[in-house]
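Protein chains in written order, with this note's numbering: chain B, 1 to 1198; chain Z, 10001 to 10294.
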């Protein structure tokens, strides 16, 4: 009986065209994902092979998400078949058992889904074996990844979802309820995804994830490329628990479906209110009916149509907004929104003030995906509403014009979107108020929501169009989902970024509290208009194909559409198409003629071309810039413009004469004039900005020459994306010396990713940075290759209500011709790396040690943390003055700039700080890390590490600037918070280093050879140096640093290197630390220290004896991730602590001593005076450990 | 003999569909007559094990039908009032599928049975066509074919002729008449002719109660000599209604014709007519309505 039902149901499913469409669709999407080099799905980047088992497994799990949409069609189709076809009673009067019936239907539905999953897997396998794939990215093939991915993730996931859908469908007998089940799961997955970004909630996120993908991510989060290429996570621990948990839940759901299934007509019923009429109506004798009906007039005018439209809108919108599914979807979106609000914007685990634009972004982000699904779903529901209930047979025969119901349903969809966004905004405002933030900016809310609504409305129109054309609800859903996937995901993966051919897309208009929308809205609005015209055309076509009655074949529908194409439709269609083409042309003119549009693909090609043509000039001697004198005029709004008249003094510092000048000009800047010694132009490459001049008289060694030029940046029209044009805005102009001409081949633009290099025909050798020991490379710093130290003088003008800033001491400020002028001069040489800023600033002054003038220039609305920055500057300057060398300048200025970029940067005595990285940090919770203080200390430290001592252009040099700056900041934190509270900072840096390892593009390097890799020089560097001072002693380390600063500060080439620094370290420390220095600086060392168990018993004399079972280990890792075991010969901290006195604080150490522990497992016993709460080895995470959270363990008292 | 005792059912929304229905139904054709909403379908579904009554019992000879539903379904054939079909499946394949589900698992036997059934209901020529292409009459015939699988002892047919044209109806009733004598066949309908034409025994149901039970001929005979007919104008109707017991009104070539119940000639202008089942039917219903109103 079970077999018969199973067989029959399977035949029904396999016969349905939808099944074969799904197989074809998913198979081809999988094939294309795995067969193009353009796509890096599954994490196959850098050293990770395209067919690594982990990558295959991940690509299989992508199906899990796409399959969510698929499942209701097949599973609910199986469950509801007999109720929809009304064959239920025929079945239920046969002696078939409940188990056989439900089991047969479910098994067949599930099998069908499995078949589609197999089609997906097959697509991936086929795609991966295509001959055009780069063979270097393919490893040995095998079925491991497929089997594992299917057995561990995909099939169980599908089982869980199917069980839930089956239960909902059989109990509620409603497809609607089942779709809601899908939404629930989507939101659960999204919430789980948000939870994972906070390091402390990983375990919960891993357990809660019904798909198991987060669990896998957590399990492999510290795996390097080598492991990913050869291993798969063992199904143990967290992963096993997750699978068993959700597998059991699936079985429970199926059991519930079985138990709650009802054979009778009403299904499972909740007790309802008794209807007022309990008895059937009385028979009334026949001729009692009234004879005449009142007369009513029918009108067919436009006004009538509009009235009908309004009535239909009210009718449909009411039904949607009052429906339970709508409320549930709204509720789920709100849950997602609240999660986003509470977790996003965090830096170092600390949140920001909920400023309005950030809140609005959270609303958009939190609602986006749910709203897409809601629109897709309701488009189908609305179009099919009448036909589903059967009233279409009646209403289709009414004299309502075809466009009326179509527009009515569109308006209902728009109403849904608007309600969603308004509720989201309300919650956002509530959130702001709940956090004590009252500057609500309702104008911004209104404008932002109005802009956000547009892409959703465009999608709604597309969804309606697809539903009408396909004339099949499920096909319509499928097409809509395909459309969403293609336009949102596929286009991005393929780097098709031109908004002109992606329906509904428009450039993002970035908003900054300082500059508002600036000039970016124009582009967005034009693209919105362009696509709105296309959407209008789609609507007209949809109304031509709107189905009245039975629809019929395509030929019939085409005939009907042609018949409906009368004058009004013709006009509408023509007008919208004309407007579409005209606005498209205007946009093209703006984005590709007035400006240049280059996709990221083309940009990479440009980089490759640049290297191919000019890398041969790498070692060509070029003059050095020794002085810069600039006149800069900033016009931030109205006719936006930058005018610069600059004088360079160039000196030939080489031993031979220089006959050629190779000049790089920045894109977008026109050279108005160029004046230097007599010369000929050898080649002028306008596209790549590289020009070669031949001097009539070569520049002799030691001689100098003038190089004067005038540049103009005058952007016209608008661009395809906002990026690249954010430096000149209404309020918050910020650009640096990168826009000025530079000499010689600039290797900073080279492509470093090995696979990309191969793709563009460059040599596979990745010259990320010259090797340590390359003496030639010591001729330059890593900051610039055409200057050492320069003298700097500048006069900058801006509009009269803004302040313009540049490095240097303000000599004079005046107003002329309605503009504000400032003259700055540096009284000592500085690096050729400087910036200009202009904004309506408010200034706060303070004094630092030795009378240093500390100033913060900020946006008046962002005043919360200014005092904190000043405090940090004062504390840092005091610390660095005392421990290193005296601060070389008389001023330190911090400047706010708009949050188009999110960094802080140190120029000579000038520190620009992004809005979003410090000014809006919410530091009211004392238990969180005060990263404003931290980052200010770091940037201040750069005045020593970079602006005093700067390393050569080779490996390891960024250790000298970034790592030492980060270390210095850590020491300032240690001074402020105490050594006992340092774990919080060290653990954060350590975890980020470990995460960063897995994103390595090329090869990881030990710290002393770091090649500008951020996760190493910031994160690992700070921990390493902190550990070093802990072992050798802070005073000793300080003296080494001080000597290094004195010897190497302001040096001329050859510049210092990390090797020289290490020599200082070796010379200054006891030889017993040689092994430690090796481990920390010359190798990639991972410790594996953990406390397995800790217990304590109270002794007779009131002290406690603490026993710890510990495990130690150490491995050295090579660049590709392969590990070698090593001996644990470095002494480790052993610590026992009291209980934590409050949130975010560590307990006091009752015991803290260093000891060498044997490799592997061992037991330690220690006696302490107070009551112990925690014990640990390396409890402050001073050493790079594979897992940071297992160094401490709670102590159980016996 | 199907013995129904004291069956009652009240739905969750308060509607009292069955109120203490008791019936004795022997083998052969039994007609269940009643207007829409009378409770016929509720009764049919209850006997067909699709619905549980609030109280009461149903026994087929000694077997308690409500106790073991699966056993009941093995000897049941049910043709529901509204049913759908899988449009893309052929009649033969569908019938074969149902045969397996009913328990005819031996393949050869099943093939023969299906062929025989299709011939019996005259769908043999259309057996390979998809059910979605069948007309209403063909669907009903398919329905009765599936109900007859496996020699059922109890056949329940719920409003089978509603919506069929006269020829289809005829054909269908002939089919039903062929069903054997060892079988209880309950035909529920609101079309009085169906019962007159086919059934030896009947019951009239109204508002969940049994109004009459017995042989149609006897019921008709009880009205012998008491039914009178007259053709009148529409506006006179109210006047007559006030004066005498009107059994039924119908239109005849555009004019109103009334049947009246009276022991003797009520008025000049009336003529005596032989009573038919419709008179019995309408009479009972009106009596119930009057009793309720009082």
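We treat Cβ as the ideally placed atom computed from N, Cα and C, and that holds for glycine. As the structure is a computational prediction, the values presented were derived from the model and not from experiment.
9 angstroms Cβ cut-off: residues of chain Z touching residue i
{"i": "residue 263 of chain B", "result": "10049, 10050, 10051 and 10069"}
DSSP three-state assignment for residue i, whether helix, strand or coil
{"i": "residue 506 of chain B", "result": "coil"}
{"i": "residue 35 of chain B", "result": "helix"}
{"i": "residue 1032 of chain B", "result": "helix"}
{"i": "residue 624 of chain B", "result": "strand"}
{"i": "residue 1202 of chain B", "result": "Outside the displayed span of chain B (1 to 1198) sits residue 1202 of chain B, for which this structure offers no information."}
{"i": "residue 1017 of chain B", "result": "helix"}
{"i": "residue 863 of chain B", "result": "coil"}
{"i": "residue 274 of chain B", "result": "Low confidence applies to residue 274 of chain B: its pLDDT is 48, below 50, so where it sits in the model is not reliable, and the reading given next is rough at best. It is coil, neither helix nor strand."}
{"i": "residue 10281 of chain Z", "result": "helix"}
{"i": "residue 492 of chain B", "result": "helix"}
{"i": "residue 10201 of chain Z", "result": "strand"}
{"i": "residue 10266 of chain Z", "result": "coil"}
{"i": "residue 736 of chain B", "result": "strand"}
{"i": "residue 1093 of chain B", "result": "strand"}
{"i": "residue 377 of chain B", "result": "helix"}
Neighbour list for residue i in chain B, Cβ cutoff strictly below 8 angstroms
{"i": "residue 10146 of chain Z", "result": "90"}
{"i": "residue 9991 of chain Z", "result": "One cannot answer for residue 9991 of chain Z here, as it falls past the ends of chain Z, which runs 10001 to 10294."}
{"i": "residue 10134 of chain Z", "result": "Chain B residues near residue 10134 of chain Z: none, gap ~14 angstroms exceeds 8 angstroms."}
{"i": "residue 10076 of chain Z", "result": "93"}
Per DSSP, the bridge partner or partners of residue i
{"i": "residue 1211 of chain B", "result": "For residue 1211 of chain B there is no data in the structure shown, the boundaries of chain B being 1 and 1198."}
{"i": "residue 10097 of chain Z", "result": "Residue 10097 of chain Z is not bridged to any residue."}
{"i": "residue 10025 of chain Z", "result": "Z:10002"}
{"i": "residue 10259 of chain Z", "result": "Z:10229 and Z:10248"}
{"i": "residue 1116 of chain B", "result": "B:1085 and B:1124"}
{"i": "residue 1165 of chain B", "result": "B:1107"}
{"i": "residue 712 of chain B", "result": "B:643 and B:670"}
{"i": "residue 884 of chain B", "result": "Answer is none; residue 884 of chain B lacks a bridge partner."}
{"i": "residue 797 of chain B", "result": "B:633 and B:821"}
Listed by chain order, chain B residues near residue i by CB distance under 7 angstroms
{"i": "residue 10265 of chain Z", "result": "Residues of chain B passing the Cβ test: none, with the nearest at roughly 23 angstroms."}
{"i": "residue 10073 of chain Z", "result": "93, 94 and 95"}
{"i": "residue 10137 of chain Z", "result": "Under the 7 angstroms cutoff, chain B gives no residues; its nearest Cβ is about 18 angstroms from residue 10137 of chain Z."}
{"i": "residue 10103 of chain Z", "result": "95"}
Q. Between the region 79 to 98 of chain B and chain Z, which residues of the former have a C-beta closer than 9 angstroms to a C-beta of the latter?
A. So the list reads 81, 82, 84, 85, 86, 87, 88, 89, 90, 91, 92, 93, 94, 95, 96 and 97, given in the order they occur along the chain.
Q. If you measure beta-carbon to beta-carbon, which residues of the region 1 to 14 of chain B are closer than 8 angstroms to chain Z?
A. 1, 4, 5, 8 and 12
Q.
Short of 7 angstroms Cβ to Cβ, which residues in the region 10081 to 10101 of chain Z face chain B?
A. 10082, 10083, 10084, 10085, 10086, 10088, 10097, 10098, 10100 and 10101
Q. Are the region 633 to 641 of chain B and the region 793 to 811 of chain B touching by the rule of at least three beta carbon pairs closer than 8 angstroms?
A. yes
Q) How about the region 10158 to 10167 of chain Z and the region 10072 to 10086 of chain Z: do they share at least three Cβ pairs that are nearer than 8 angstroms? A) yes
Q: Report yes or no: do the region 499 to 511 of chain B and the region 717 to 727 of chain B share at least 3 C-beta pairs separated by less than 8 angstroms?
A: yes
(Q) Residues of the region 10212 to 10244 of chain Z in Cβ contact with chain B at a cutoff of 7 angstroms, in chain order, please. (A) So the close ones are 10234, 10237 and 10241.
Q) Three or more C-beta pairs closer than 8 angstroms, one from the region 852 to 871 of chain B and one from the region 997 to 1014 of chain B: is that the case here? A) No, because fewer than three Cβ pairs between the region 852 to 871 of chain B and the region 997 to 1014 of chain B fall closer than 8 angstroms, the two stretches do not touch.
Q) When the Cβ atoms of the region 203 to 215 of chain B are set against those of the region 229 to 242 of chain B, are three or more pairs found closer than 8 angstroms? A) yes
Q) Would you say the region 298 to 315 of chain B touches the region 405 to 415 of chain B, given that touching needs at least three Cβ pairs under 8 angstroms? A) yes
Q. Between the region 1038 to 1050 of chain B and the region 1079 to 1089 of chain B, are three or more C-beta pairs nearer than 8 angstroms?
A. no
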